[in-house]
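Residue numbers (our numbering): 876 to 1041.
Right, here's the structure in full:
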C-alpha cells in the first residue's frame, strides 16, 4: 500500500488551511480597520451596543438597525416606495409644497438605506471571513488526519500481508 498520496494530500490540506486562516484574518482586520476609520459610533438610543465604536460585525449590525429606526421615525413609518407614491400623488394634486416635503423625507430614507446596505455588506464580509477561517481549521484537521493515515498505512499493509501469508 502506498502512503505517498495520503501524505501529499495531508500536506496540501494543511498548507491550504493555513492560507485560509491567514486570508480570513487579514480580511477581518481590513474590514475592522476600514469601519474604525469612519469613526462611527452606535447611536445612544440603540437597543444593542449603544455608544460602541462601529468596528465589528455586531456594532455594524446594531448601527444599521438604529439607522432604520431613525429613518422610519423621520417619515412617520413610511418607506421609500410609499413616499414615492405620496410624492406623485401630491404632484398630481398640485400641492408642490407637500411634494417637496415628501421628497425630502424620501431622500432621507434613501440615504438611510444606502448606509444600512453598506453596514450590512460589512456584516456579510465578516461572516465570509469567519467562514474562511473555519474552513481553514477544518482543512488543517483533515490534513493532519491524512498525514496520520500516511504514517499508519505501511504498518497496516505489513500486518495485512502477514495475515494473508499466515
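Ideal placement from N, C-alpha and C gives every residue a C-beta, glycine not left out.
| Check | Outcome |
| --- | --- |
| Residues bridged to residue 916 (per DSSP) | 928 |
| For residue 948 and residue 975, the rounded distance between their alpha carbons | 18 angstroms |
| Residue 991, DSSP secondary structure in three states | helix |
| Residues near residue 942 in its chain [Cβ-Cβ closer than 6 angstroms; skip 5 each side] | 987, 990 and 991 |
| Nearest-angstrom Cα separation, counted from residue 1006 out to residue 971 | 51 angstroms |
| Inter-residue spacing [alpha-carbon to alpha-carbon] between residue 896 and residue 1019 | 16 angstroms |
| Outcome for residue 881 when other beta-carbon atoms lying within 10 angstroms are tallied against a minimum of 16 | buried |
| Straight-line gap, residue 922 to residue 883 (C-alpha atoms, nearest Å) | 52 angstroms |
| Counted within 10 angstroms of its Cβ, other Cβ atoms place residue 1015 as buried (16 or more) or exposed | buried |
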